[in-house]
Amino acid sequence: MNAPTIRPFDNCPALDGYHCQTNSLAKIFHFHKHPLSEDMLLGLGAGMNFMYWHQKGVPPFIGARGNNKNFFHDIGKRTGVLIEEKSTSSEARAEKELLEQLANQEPMMIFGDMGYLPWFDFPTEYHFGGHTFVVCGIDEDTLLASDMDPAAAGLKKGFYHPITLEQLRKTRNSQFKPFPPANRYLTFDFKDYHDPTKEDIYSAIEQATESMLNSPISNFGIQGIRRTAKEITKWPDKFDDQELRLNLFTIYIFTEIGGTGGGSFRYMYSRFLEEAASITSENKFSEAALSINESGKIFTKIGHLFINALEDQDIHEKISQATNYYSKIADLEETTFQTLV
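So, in structure tokens, the structure goes:
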């Protein structure tokens with residue numbers, strides 16, 4: 014990838030990272046001279062969970078991000094930063110707000126459809142509007158964006174890439190479901206920032222623990238993991254061979270390389286718990302970090318079962334293995350989170 018000629022604003026590095034939203038947030042916090050790790054941001058937002066979702070006519074989705082509705086708000090609450098998520102149906106208004114902020118040499122975190130971003134090479138039919146990146150420079154009608162390599166597992170390489178205003182309008186105003194970006198962007202007020210306190214850490218872990226152990230919906234949390242163990246055994250009867258293989262390959266994508274940091278966000282959350290233990294001197298957080306890291310390793314094993322799902326001959330045997338792994342994860346995480354109550 015050729016280096017862009019547009020200069021980024023001061024203190025706007027193209028950070029390597031794991032997850033698009035925490036990486037974008039880390040860049041904004043870095044710009045305002047209050048750097049926090051992606052792991053800490055994920056944990057403060059109670060952003061690790063589990064979900065099995067299958068609507069009629071739509072491929073099943075197995076994900077591990079949590080607290081999607083209040084993620085940004087809760088990070089703000091636990092750092093003293095006022096974070097507001099805004100959207101508009103007007104392309105012109107969205108562009109005006111962006112250009113005004115860039116004129117003040119301040120970056121903006123925005124949502125966009127990955128299928129329309131010029132630095133990605135996805136099939137024409139691929140669209141995902143829940144992606145975030147940071148705009149951090151401008152030269153007339155061309156802007157400078159900061160994002161990460163989507164193909165990498167684990168730590169992803171950060172980079173800068175130019176994008177025209179026309180390209181940006183298209184990606185921000187995409188209408189493709191289920192996650193149209195709706196010209197969304199975030200604003201930040203750091204005047205009351207404070208480092209996360211012990212109370213903030215306890216509150217965040219309590220929130221994540223409650224959602225994992227006592228989700229009111231059986232598709233989520235520990236219940237969701239156990240449900241997945243049962244549901245995937247039914248997939249060979251529900252889908253034709255091509256659909257089955259694609260759905261299984263998607264498990265690999267959303268477990269290992271789909272912006273989870275590997276291991277379905279468990280490696281990130283494990284490192285958050287280590288930071289939490291350092292701040293609170295709470296030994297049980299250190300112990301839980303080891304268990305959640307082990308859970309991440311099992312998730313990685315599941316992902317790797319299906320890395321070649323489109324060609325493998327022993328696909329039914331691997332589904333059986335995955336079922337056992339999911340059950341093992343559910344038992345391990347239930348025991349672990351019960352120690353955090």
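Residue numbers (the numbering used here): 14 to 354.
All C-beta atoms in this analysis are idealised placements derived from N, C-alpha and C, irrespective of residue type, glycine included.
Secondary structure note for Gly56: its alpha helix (DSSP H) is the uninterrupted segment Glu51 to Leu57. Secondary structure of His86 (DSSP, three-state): helix. Within the DSSP bridge table, the entry for Phe124 names Thr145 as partners. His67 has its alpha-carbon roughly 27 Å from the corresponding atom of Asp134. Proximity of the region 194 to 210 to the region 151 to 165 falls short of the contact definition, fewer than three beta-carbon pairs being nearer than 8 Å. In the DSSP assignment, Ser159 forms a beta bridge with Val147 and Tyr173. By the criterion of at least three beta-carbon pairs nearer than 8 Å, the region 142 to 156 is in contact with the region 16 to 26.
Along the length of the region 264 to 298, whole alpha helix (DSSP H) runs at least 4 residues long occupy 279 to 293, reported in chain order. Shortest Cα-Cα distance from Asn260 to any of Cys33, Pro72 and Tyr31 involves Pro72. Here Glu269 is not near Gly309, since their CB atoms are 8 Å or more apart. Looking at Pro193, Gly79, Ala290 and Thr313, the one whose alpha-carbon comes closest to that of Ala302 is Ala290. For Asn321, there is no enclosing beta strand (DSSP E), since its DSSP letter is neither H nor E.
Taking a 10 Å sphere around the C-beta of Ala105, we find fewer than 16 other C-beta atoms and assign the residue as exposed.
In terms of Cα proximity to Ile245, the closest of Gln334, Glu138 and Phe124 is Gln334. Annotation for Lys243: no residue places its beta carbon closer than 7 Å to its own, counting only its chain and skipping 5 residues before and after. Looking at Gly128, Thr101, Lys247 and Phe74, the one whose alpha-carbon comes closest to that of Thr336 is Lys247. Secondary structure of Arg78 (DSSP, three-state): strand.
Within the model, the alpha-carbon separation for Lys82 versus Asp253 is close to 34 Å.
Looking at Ala77, Glu219 and Leu130, the one whose alpha-carbon comes closest to that of Ser159 is Leu130.
One thing to note: Gly272 has its Cβ within 8 Å of the Cβ of Tyr31.
By alpha-carbon distance to Lys314, the top candidate from Ile264, Phe298 and Gly56 is Ile264. The three-state reading of DSSP puts Tyr31 in coil, since its state is none of H, G, I, E or B.
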